[in-house]
Amino acid sequence: MTTTDGGVLGDSLSPRRLLSSQTVYDGRIWDVVQDTFEFTPGNEPLVRDYIEHPGAVAVLVLNDADEVLLINQYRHPVRMNLWEIPAGLLDVAGEPPHLAAARELAEETDLIAADWSVLVDLFLSPGSSSEAIRIYLARTTSPVPAEQRHQRTDEEADMAVAWVPFDDAVAAVLAGRIHNPSAVAGLLAAAASRAGGYASLRPVDEAFEAHPRLRSGEPRA
Numbered sequence: 001m002t003t004t005d006g007g008v009l010g011d012s013l014s015p016r017r018l019l020s021s022q023t024v025y026d027g028r029i030w031d032v033v034q035d036t037f038e039f040t041p042g043n044e045p046l047v048r049d050y051i052e053h054p055g056a057v058a059v060l061v062l063n064d065a066d067e068v069l070l071i072n073q074y075r076h077p078v079r080m081n082l083w084e085i086p087a088g089l090l091d092v093a094g095e096p097p098h099l100a101a102a103r104e105l106a107e108e109t110d111l112i113a114a115d116w117s118v119l120v121d122l123f124l125s126p127g128s129s130s131e132a133i134r135i136y137l138a139r140t141t142s143p144v145p146a147e148q149r150h151q152r153t154d155e156e157a158d159m160a161v162a163w164v165p166f167d168d169a170v171a172a173v174l175a176g177r178i179h180n181p182s183a184v185a186g187l188l189a190a191a192a193s194r195a196g197g198y199a200s201l202r203p204v205d206e207a208f209e210a211h212p213r214l215r216s217g218e219p220r221a
């Protein structure tokens with residue numbers, strides 16, 4: 001699809017001159033940063049506070065019975081148990097996103113997948129956070145050997161895991177019963193991709209250029 005000016009439809013990098021950047025809140029998992037930047041030359045600089053986030057990965061797993069793997073986890077900020085897909089932070093230095101996704105899948109569900117593709121990329125709240133998340137489609141699973149399984153703690157300790165018919169999960173999204181953003185985006189993207197014979201899937205190791213920390217040749221002040 002093209003835009004009205006004939007270009008390819010898609011988001012684009014739009015660098016602004018960064019005048020200063022400081023951490024105004026040093027959090028346990030993520031920080032709040034205040035940037036002062038030149039939005040347009042000759043005008044007053046703008047100041048914006050936002051959550052500086054390491055980014056995340058998520059995995060939508062399908063089996064041969066066309067069922068999707070969902071987990072049920074308590075999320076304190078919203079005081080709800082949410083149906084989600086396996087996910088986790090990109091918080092291991094130097095770990096490629098697809099390997100982080102495989103690690104999170106094993107840690108949260110005791111499963112290994114042999115077939116991986118990139119499904120969809122998104123920013124979860126680009127007006128207030130730098131968080132970028134990549135969602136993978138994984139298939140052909142097998143169990144993690146018992147002696148290699150991760151010990152789950154805190155909210156993950158009593159996490160329920162269920163295989164759900166894919167069409168039922170998509171219907172639950174559209175009915176407003178599933179709210180987790182990676183689950184919503186992953187399920188709807190997978191439904192759209194399936195309708196096109198999964199031709200939209202991308203290679204598992206495709207560069208994650210949208211991620212602010214993974215862009216090639218773009219140093220941050």
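Everything in the sequence shown is counted per the UniProt record's numbering, starting at 1 for the first residue and increasing by one. A virtual CB, placed ideally from N, CA and C, is assigned to each residue, including glycine. Source: prediction; values computed, not measured.
Helix, strand or coil at residue i according to DSSP, with G and I counted as helix
i    : result
Q148 : helix
F37  : strand
V170 : helix
P165 : strand
V57  : strand
V204 : coil
V92  : coil
Whole-Å CB distance - residue i paired with residue j, under 8 Å assumed
i    : j    : result
L122 : I112 : In fact, because the Cβ distance is near 25 Å, the residues do not count as touching under 8 Å.
Y136 : V59  : 5 Å
A65  : L119 : Contact doesn't hold; Cβ gap of about 19 Å is too wide.
H179 : L82  : 6 Å
Environment of residue i [buried if 16+ CB atoms lie within 10 Å]
i    : result
E206 : exposed
Y198 : exposed
P203 : exposed
Cβ-Cβ distance between residue i and residue j below 7 Å
i    : j   : result
I51  : V32 : yes
L105 : P86 : yes
A162 : L70 : yes
F37  : L13 : no
Extent of the continuous alpha helix (DSSP H) run through residue i
i    : result
V184 : 181 to 195
R103 : 97 to 109
Beta strand (DSSP E) segment containing residue i, residue limits
i    : result
S142 : 132 to 143
I51  : 46 to 52
E67  : 67 to 75
N63  : Premise fails: N63 is in no beta strand (DSSP E) and is neither H nor E.
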